[in-house]
Amino acid sequence: TAGEVGHIRLDADGPAAYGKAGSFEGFCSGAGIAVMGKKMLSIYNGVTTIPRDNVTAKTIADAAVSGDKLANAIYRRCGEKLGLGVSILIDILNPERVVIGSIYQRSGHLLAESMNETIRKEALEISAQCCKIVPAMLGDEIGDFAAIGVAKDFAEAEL
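Quick note, the sequence shown lines up with residues 459 to 617 if you use my numbering.
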């Protein structure tokens, strides 16, 4: 599990991933967004277009795109935590580029503003200025390529 940044705890409380509440993965994954959405829906008294019987990252994203205030608040929170996690990586590794798949590849338009705002506040300025955040180019096909790689390695090992 070396290098798995999803296990970094970003907050003492928050959605759990791998049994660790408040983790990077807990806040910045589709499942984490759905958990945040359900929690926020349970205490929200305003009008929302998020379907209470089908709370997913996609239904929340669709609501956010249509201007739903609660949905946008959920994605803003996710973007803030994404920015915090990326800031930690920038401060430790000083990368020129951070490639983010999954939720950022699908919903970067909902996350970028709050993520970048947090990076500006949290990361060392000189390091943040030379780091570009980009969505993964393989998108949802990453699993397909991973499976092909595993099969290729297995086939070569059998020869």
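The beta carbon of each residue, even a glycine, is placed where N, CA and C say it ideally should be.
Item, Value
"Assign Ile584 to one of three DSSP states: helix, strand, or coil.", "helix"
"Just to confirm, is the Cβ distance from Ile561 to Cys486 under 9 Å?", "yes"
"What are the residues that DSSP puts in a beta bridge with Ala479?", "Ala474"
"Relative to the C-alpha of Asp511, which residue among Ile600, Gly597, Gly495 and Ser524 is closest?", "Gly495"
"Locate the beta strand (DSSP E) running through Val410, then write down its first and last residues.", "Look at the range of the chain in this structure, 459 to 617, and you will see that residue 410 is not part of it."
"Closest to Ala474 by CA distance: which of Val493, Ala460 and Glu462 is it?", "Val493"
"On the DSSP bridge assignment, give the partners of Val592 in chain order.", "Val557"
"Please classify Val513 as buried or exposed, where buried requires at least 16 neighbouring CB atoms within 10 angstroms.", "buried"
"Could you check if Tyr476 is buried or exposed, using at least 16 other CB atoms within 10 Å of its CB as the buried criterion?", "exposed"
"Please tell me whether Leu540 and Thr576 are closer than 9 Å, where the distance is taken between their beta carbons.", "yes"
"With distances taken Cα to Cα, identify the nearest neighbour of Ile491 among Lys579, Gly472 and Val505.", "Gly472"
"Can you tell me where the alpha helix (DSSP H) holding Leu468 begins and where it ends?", "Looking at the DSSP string, Leu468 is not in any alpha helix (DSSP H), and its letter there is neither H nor E."
"Ends of the alpha helix (DSSP H) at Asp520?", "Ala515 to Val523"
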